[in-house]
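Quick note on the UniProt record's numbering: the sequence shown kicks off at 1 and runs consecutively. All C-beta atoms, glycine included, are put in the ideal place defined by N, C-alpha and C. Take a look at the structure set out below.
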Amino acid sequence: MEVKAAEILWIRSVVNCIMRYFSVLSDGDSKTYQDLLELDVYDGSMKISKEECLNHVAKRLGIGLRSKVKEWRSKCVTNGGRKEGSLKESTLFKHTNLYRKAIKESVPDVQNMTTAIFASLFHNSSTYKAPKHNKFPTGLSSWSFYQSTLANNEEPKSHSSMKTKLSEQVLEKILTRLQTTSCWEDASREKPRM
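Written out as structure tokens, the structure is:
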């Protein structure tokens, strides 16, 4: 139904309105976009681009991590189980929201986007013995408790007060997954829609 509706709208735009759509807002595996490319409404005179919703990009990252968890389980590789710092569903959900926030605040700069996402991961795996605060924004307005307290010339609180924690083992696996992700470019093209 969605595919047919798009065909009607795009053909009607040329015939009745003498205008052209130049981009389609859709999810990652959109059949509508593929169908419009095959239909070639504009006779090859104009390239149709596909824009993705911010939520779809974040969801794709979350799904990628969930599939990695399943893959690790099938290979009998542990990701922590129920221990603190493991990759539980609640942790995945929180990180998907962190990805969404990092993308939203960093568009269109891919480097800032990846730095923000990696900073949130390092933040959640940081410990008192092995602090990982070098990728965080600095100053009083920093979301990192460590950096904001340093800016206030105070002693940072204990890492035990962090709500979402990741173990070093899980962090390595996530970083491997994120460093091979191709959706950074998709997310950076222009301001994602919400």
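| Item | Value |
| --- | --- |
| Whole alpha helix (DSSP H) elements within the UniProt domain "Mutator-like transposase" (1–128), 4-residue minimum | 2–15, 31–39, 54–74, 89–106, 110–125 |
| From 45, 51, 14, residue whose alpha carbon lies closest to that of residue 30 | 51 |
| Best match in 122, 138, 135, 140 for proximity to residue 168 [C-alpha to C-alpha] | 122 |
| Inter-stretch contact at 8 Å, needing at least 3 Cβ pairs: the stretch 109–120 / the stretch 134–144 | yes |
| Whole-angstrom C-beta distance between residue 130 and residue 139, which should lie under 8 Å | Residue 139 to residue 130, Cβ: 23 Å. No contact. |
| For residue 154, the three-state DSSP class (helix, strand or coil) | coil |
| Distance CB(residue 92)-CB(residue 65) smaller than 8 Å | yes |
| Simplified DSSP state of residue 135, which is helix, strand or coil | coil |
| Cα-Cα separation, residue 20 to residue 37 | 14 Å |
| Own chain residues within Cβ distance below 6 Å of residue 70, not counting five before or after | none |
| Within 8 Å, strictly: CB atoms of residue 41 and residue 32 | no |
| Pair within 8 Å by beta-carbon distance, residue 7 and residue 39 | yes |
| Rounded separation between residue 16 and residue 126 - CA only | 59 Å |
| Cβ shell of residue 61 (< 6 Å), same chain only, five flanking positions each side left out | 99 |
| Through-space distance from residue 142 to residue 155, alpha-carbon basis | 15 Å |
| Same chain only: Cβ atoms within 8 Å of residue 35, ignoring 5 sequence neighbours per side | 3, 6, 7 |
| Proximity winner among 95, 110, 22, relative to residue 45 (alpha-carbon distances) | 22 |
| Beta-carbon proximity check, residue 120 vs residue 112, cutoff 8 Å | no |
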